[in-house]
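Enquirer: The structure follows.
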Amino acid sequence: MADIRLLGKYFLGRLRRIYFMALPESKADLKKSRVCYTIGDSAVQTIGNLTAGTIFASLMTNIGVSDANIGVIISLASLAAVSQLLTMGLTNRLKKYKLLVCFTASARILLSFIFFIPLLPITDAQKMWLLIGCFLTAQVCAQIGGPAASDWIASLVPAKLRGRYLSIKDSSVVLSVSVALLIAGGILDFFKSRNIIIAFIIIGIIIFLLVVISTTAFSCMKEPRLADTDALGREMHGHLAKKNNAEQNSGRHISLPAELKAALLSPKFRAVFFLNIMWMNCAYISAQFNASYQIKELNLSYTFLMVIGFISNLLRIYITPKIGRYGDYYGMARVLKYFILTLGIQYLLLAFTVPGNAYIMTVILSPVGAVAYSFIGIGLFGIQLDLINRERRMIQLTLVSSLGGLYGFAVCALGGRLLDYFQNNPLVLFGHSLYAQQVLNVLGFTMTALTFLYIKLVVQKIDAEDNTADGEL
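Heads up: take any position in the sequence shown, counting from 1, add 24, and you land on our numbering.
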């Protein structure tokens with residue numbers, strides 16, 4: 025019995041060292057941690073793409089989910105960001121984020137399970153609600169860990185190298201996603217006329233393996249965020265840390281309304297917040313419905329879509345590191361606005377895509393979208409890190425993400441209603457009935473044009489915060 029207790033203490037001690045006491049002690053540790061984050065985030069983003077686009081839409085189509093509901097279900101990932109508000113008080117009090125990030129990464133195993141739902145001997149309605157429950161739970165966990173992961177990697181990268189690192193990481197993510205989607209698309213096409221359930225099982229296994237990879241990679245990282253320290257500058261853990269925290273009563277327990285009010289008093293935070301709101305308009309009014317449009321109305325094959333997507337992403341991988349350096353040199357906002365407008369061009373091309381020209385238009389618009397997304401994620405995140413105060417970064421990233429996510433879900437829900445309306449009452453232009461998705465893509469283009477103007481006239485004119493602490497030991 026004593027041996028079992030000793031083994032248990034040893035195991036808990038190892039976990040404590042891994043998740044609470046893994047401080048970077050050299051520049052090599054910082055670099056290794058950035059590499060591990062790149063690996064973990066590549067796995068996470070691959071899972072996200074396998075459960076957000078054409079492949080996930082095919083799974084929902086298999087169990088009888090309508091086009092409008094497919095888009096709304098996918099956008100639940102955005103609605104789940106509201107959970108960040110509910111847990112903001114808890115996460116803001118954490119001294120260490122590593123365990124939280126690793127736990128929320130492992131919760132994505134539920135996204136693996138949903139690909140096995142077609143095997144269950146239940147009705148299609150029950151399958152749909154089970155899918156929604158698992159998908160939403162996984163997304164809630166992912167959203168809770170999102171701001172913590174963002175703050176964590178931001179603290180590992182010097183401000184002057186953000187664009188370079190984020191572009192390299194983005195290239196790795198895109199390569200991982202492209203290969204996985206190409207394989208998954210081929211699997212779906214191969215089993216489509218045989219037994220598509222087998223394809224879903226294989227994809228579910230792939231997602232399970234990616235969950236293991238991401239959790240392991242994050243566990244191997246170091247965390248420079250300091251807990252309470254003693255007079256010698258050493259971190260305090262366990263009872264010492266609890267006693268010190270009780271004595272100091274540091275005042276971190278601030279109500280949500282007070283945090284939001286304080287944040288909105290900052291012009292820089294307001295610029296970040298409203299930019300994120302405008303981006304939600306661009307991202308959710310039409311894009312969530314284009315996957316089902318390509319599969320059903322345009323009747324494009326999975327393999328064709330994945331091959332074109334893979335080739336386009338090779339272009340994205342090639343240009344992303346170069347553009348990342350431009351972001352460091354010219355400023356994130358100055359570069360971002362052009363790529364937002366490029367995304368609008370993709371929406372406009374989709375608005376002119378019909379079954380008769382679907383293949384040639386897809387060949388044209390896919391590289392345009394790849395170029396647009398080569399910097400949009402980097403630019404938005406870079407602007408947030410440039411303008412948000414470092415001391416309040418965790419809490420303000422949570423506010424931006426959660427409130428923006430709630431707004432994004434509302435925009436997608438509106439898009440779903442518009443899709444239903446225009447499918448039942450199609451617009452007629454020059455004697456031709458328009459597909460509902462064509463109308464939504466015109467709205468998407470309009471939103472990108474407005475966001476371009478906002479960045480040019482407002483965000484671009486704001487000076488970045490001084491930050492010399494990130495990426496240092």
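We put the beta carbon where it would ideally sit given N, CA and C, even for glycine.
1. Whose C-beta lies closer than 7 Å to the C-beta of Y371 among residues of the same chain, with five residues either side of it excluded?
2. Which whole-angstrom value describes the C-beta separation of L134 and A162, a residue pair presumed to lie in contact below a C-beta threshold of 8 Å?
3. Under the assumption that L409 contacts A178 (Cβ atoms under 8 Å), give the Cβ distance between them as a whole number of angstroms.
4. Could you pull out every residue in the same chain whose Cβ sits closer than 8 Å to the Cβ of A104, ignoring the five residues on either side in sequence?
5. Determine the closest residue to V378 out of K51, S82, K320, L438, with distance taken between C-alpha atoms.
6. Please look up how many angstroms separate the CB atoms of S136 and V235, rounded, as I've assumed it's under 8 Å.
7. State the Cα-Cα distance for the pair I141 and S398, rounded to the nearest angstrom.
8. What does DSSP give as the partner residues of S457 in its beta bridges?
9. Cα separation between Y317 and L30?
10. So S191 and I402 are supposed to be a Cβ contact under 8 Å. How far apart are they, rounded?
11. Taking the C-alpha atoms as reference points, what is the distance between I347 and K151?
12. Could you say which of I231, L114, I221, I226 lies nearest to P171 if we only look at CA atoms?
13. Would you grab the beta carbon distance between S238 and A129 for me? Rounded to a whole angstrom, and I think it's under 8 Å.
14. Do three or more CB pairs link the segment 348-356 to the segment 285-298 at distances below 8 Å?
15. Using the C-alpha atoms, what's the distance from I63 back to F232?
16. With H, G and I counted as helix, E and B as strand and the rest as coil, what does DSSP make of I309?
17. With DSSP as the reference, label F293 as helix, strand or coil.
18. Please determine, among F476, Q420, T422, L411, the residue with the shortest C-alpha to C-alpha distance to A183.
19. Look up M356 in the DSSP assignment and say whether it is helix, strand or coil.
20. Hey, quick one: how far does the alpha helix (DSSP H) through G406 stretch, first residue to last?
21. Using the Cα positions of P391 and F297, report the straight-line distance between them to the nearest angstrom.
22. For my contact list, F139 and L206 are in at a C-beta cut-off of 8 Å; report their separation, rounded to the angstrom.
23. Less than 6 Å between C-beta atoms, sequence neighbours within five positions excluded: which residues of the same chain meet that for E326?
24. In this structure, does DSSP put D487 in helix, strand or coil?
25. What did DSSP end up calling N219 once you bin it into helix, strand or coil?
26. Please check the pair I227 and I79, which I expect to be a contact at CB under 8 Å, by giving their CB distance rounded to whole angstroms.
27. Do V483 and L299 have their C-beta atoms within less than 8 Å of each other?
28. Is V181 helix, strand or coil when you go by DSSP?
29. Can you tell me which of the three DSSP states I94 falls into?
30. May I have the straight-line CA-CA distance separating K485 from M385, to the nearest angstrom?
31. Excluding sequence positions up to five away, which residues of its chain have a Cβ less than 6 Å from the Cβ of L143?
32. With respect to 7 Å, is the separation between the Cβ of K292 and the closest non-hydrogen atom of the ligand ATP below this value?
33. By the three-class DSSP mapping on this structure, what secondary structure does Y431 have?
34. CB-CB under 6 Å to T75, same chain, minus the five flanking residues each way: which ones, in chain order?
35. Whose C-beta lies closer than 6 Å to the C-beta of G88 among residues of the same chain, with five residues either side of it excluded?
36. Cα separation between T85 and A315?
Expert: Let me spell this out:
1. The residue you call residue 371 lines up with position 347 of the sequence shown. These residues qualify, in order along the chain: S310, N465, G468, F469, T472.
2. Along the sequence shown, one-based indexing puts residue 134 at 110. Along the sequence shown, one-based indexing puts residue 162 at 138. Sure, about 4 Å apart at Cβ, within 8 Å.
3. As a first step, residue 409 must be located in the sequence shown, where it is residue number 385. As a first step, residue 178 must be located in the sequence shown, where it is residue number 154. Right, the Cβ-Cβ distance comes to about 5 Å (below 8 Å), so this counts as a contact.
4. Your numbering for residue 104 matches position 80 in the sequence shown. Closer than 8 Å at Cβ, skipping near neighbours: L160, Q163, V164, A166, Q167, G429.
5. Along the sequence shown, read from residue 1 onward, the residue named residue 378 stands at position 354. Among K51, S82, K320, L438, the Cα nearest to that of V378 is on K320.
6. Here residue 136 corresponds to residue number 112 of the sequence shown, with the count starting at 1. Here residue 235 corresponds to residue number 211 of the sequence shown, with the count starting at 1. In this structure S136 is in contact with V235, their Cβ atoms being roughly 6 Å apart against a cut-off of 8 Å.
7. Taking the sequence shown and counting its residues from 1, one reaches residue 141 at position 117. Taking the sequence shown and counting its residues from 1, one reaches residue 398 at position 374. Roughly 34 Å between the two C-alpha positions.
8. Locating residue 457 in the sequence shown gives position 433, counting from the first residue. Paired residue(s): V452.
9. What you label residue 317 is simply residue 293 of the sequence shown in a count that begins at 1. What you label residue 30 is simply residue 6 of the sequence shown in a count that begins at 1. For Y317 and L30, the distance between alpha carbons rounds to 59 Å.
10. For the purposes of this step, residue 191 is taken as the residue at position 167 of the sequence shown. For the purposes of this step, residue 402 is taken as the residue at position 378 of the sequence shown. With a Cβ gap of about 6 Å, S191 and I402 count as contacting.
11. Walking along the sequence shown from the start, residue 347 turns up at place 323. Walking along the sequence shown from the start, residue 151 turns up at place 127. Straight-line Cα distance between these residues: approximately 44 Å.
12. By 1-based counting over the sequence shown, the position of residue 171 is 147. If we check each option's Cα against that of P171, L114 comes out closest.
13. Within the sequence shown, residue 238 is the residue found at index 214, counting from 1. Within the sequence shown, residue 129 is the residue found at index 105, counting from 1. With 8 Å as the limit, S238 and A129 qualify as a contact, their Cβ atoms being about 5 Å apart.
14. Under the 8 Å Cβ criterion, the segment 348-356 does not count as touching the segment 285-298, having fewer than three qualifying pairs.
15. Within the sequence shown, the letter at position 208 stands for residue 232. Within the sequence shown, the letter at position 39 stands for residue 63. Their backbone Cα atoms lie some 15 Å apart in a straight line.
16. Counted from its first residue, the sequence shown places residue 309 at position 285. In the structure shown, I309 sits in coil (DSSP, three-state: anything other than H, G, I, E or B).
17. As a first step, residue 293 must be located in the sequence shown, where it is residue number 269. In this structure, F293 counts as helix in the three-state DSSP scheme.
18. The residue labelled residue 183 in the question sits at position 159 within the sequence shown. Of the listed residues, the one whose Cα sits closest to A183 is L411.
19. As a first step, residue 356 is located in the sequence shown; it is residue number 332 there, counting from the start. Note: M356 maps to helix in three-state DSSP.
20. Taking the first residue of the sequence shown as 1, we reach residue 406 at position 382. G406 -> alpha helix (DSSP H) spans 400-411.
21. Within the sequence shown, the letter at position 367 stands for residue 391. Within the sequence shown, the letter at position 273 stands for residue 297. Straight-line Cα distance between these residues: approximately 29 Å.
22. Taking the sequence shown and counting its residues from 1, one reaches residue 139 at position 115. Taking the sequence shown and counting its residues from 1, one reaches residue 206 at position 182. The beta carbons of F139 and L206 sit about 18 Å from each other, so the pair does not count as a contact at 8 Å.
23. Translated into positions along the sequence shown, residue 326 becomes position 302. The residue you asked about is not Glu; residue 326 is Tyr in the sequence shown. Cβ within range, chain order: G209, L212, D213.
24. If you number the sequence shown from 1, residue 487 lands on position 463. Of the three classes helix, strand and coil, the one that applies to D487 here is coil, per DSSP.
25. Within the sequence shown, the letter at position 195 stands for residue 219. Of the three classes helix, strand and coil, the one that applies to N219 here is coil, per DSSP.
26. Counting from one through the sequence shown, the residue named residue 227 turns up at place 203. Counting from one through the sequence shown, the residue named residue 79 turns up at place 55. With a Cβ gap of about 7 Å, I227 and I79 count as contacting.
27. In the sequence shown, residue 483 corresponds to position 459, counting from 1. In the sequence shown, residue 299 corresponds to position 275, counting from 1. Taking 8 Å as the Cβ cut-off, V483 and L299 qualify as a contacting pair.
28. For this step, residue 181 is matched to residue 157 along the sequence shown. Correct three-state label for V181: coil.
29. On the sequence shown, position 70 is the one that residue 94 refers to. Three-state DSSP puts I94 in a helix.
30. For the purposes of this step, residue 485 is taken as residue 461 along the sequence shown, with counting starting at 1. For the purposes of this step, residue 385 is taken as residue 361 along the sequence shown, with counting starting at 1. Roughly 37 Å between the two C-alpha positions.
31. Counted from its first residue, the sequence shown places residue 143 at position 119. Contacts found: none.
32. The ligand content of the structure shown is nil, which means the ligand ATP is not present either.
33. For the purposes of this step, residue 431 is taken as the residue at position 407 of the sequence shown. Correct three-state label for Y431: helix.
34. Mapped onto the sequence shown, residue 75 falls at position 51. If we look at T75 and ignore the five residues flanking it on each side, its Cβ neighbours are L135.
35. Taking the sequence shown and counting its residues from 1, the one referred to as residue 88 is at position 64. Around G88: D148.
36. Here residue 85 corresponds to residue number 61 of the sequence shown, with the count starting at 1. Here residue 315 corresponds to residue number 291 of the sequence shown, with the count starting at 1. About 11 Å.
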